[in-house]
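Trainee: Dropping a structure here in structure tokens format, bear with me for questions.
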Amino acid sequence: QVQLVESGGGLVQPGGSLRLSCAVSRNIFSFNVMGWYRQAPGEQRELVAELTNSDNTNYADSVKGRFTISRDNAKNTVDLQMNTLKPEDTAVYYCHVRSYYPTTTAYWGQGTQVTVSS
């Protein structure tokens, strides 16, 4: 079983920054896709950013230019740098990894709360 542990959430003022980190218990090269999702109260979980093992990235339109996803291969972590935060970024953020071989398998972290408020 793969464990994903998120850290770095908290309360920040609008315009501020936070960096989320996800520690993965397995070599991240064993996964085809790594990413971050978020879920606000009363809303569906949505993609924030994805990174493939060939370094292709995909961002939600609402975070383009403000958020950056990256990985540290030595530490087996997937990070999300969030700048110029807005109140609408408030949500629980979840780390996600998945592999496609031999079957599609996905894992989720427990989530970390991000609150943007003055």
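In terms of my numbering, the sequence shown opens at residue 10 and continues consecutively. Even for Gly, the Cβ is constructed at its ideal location relative to N, Cα and C. Predicted, not measured: the structure shown is a model, and the values here were computed from it.
1) Residues in its own chain within less than 7 Å of residue 49 by CB, not counting five upstream and five downstream?
2) Short of 6 Å in beta carbon distance, which residues of its chain neighbour residue 115, apart from the five on each side in sequence? Order them along the chain.
3) How is residue 39 classed by DSSP in three states: helix, strand or coil?
4) Specify whether the region 25–43 and the region 79–99 touch according to this definition: at least 3 beta carbon pairs, one from each stretch, less than 8 Å apart.
5) What does the alpha-carbon distance come out to for the pair residue 64 and residue 83?
Mentor: So, from the listed chains and residues:
1) Once the five neighbours on either side are set aside, the close Cβ partners of residue 49 are 99, 100.
2) Hits under 6 Å: 107.
3) In the three-state scheme derived from DSSP, where H, G and I count as helix and E and B as strand, residue 39 is classed as helix.
4) Short answer: they touch.
5) When rounded, the distance between both Cα atoms is 16 Å.
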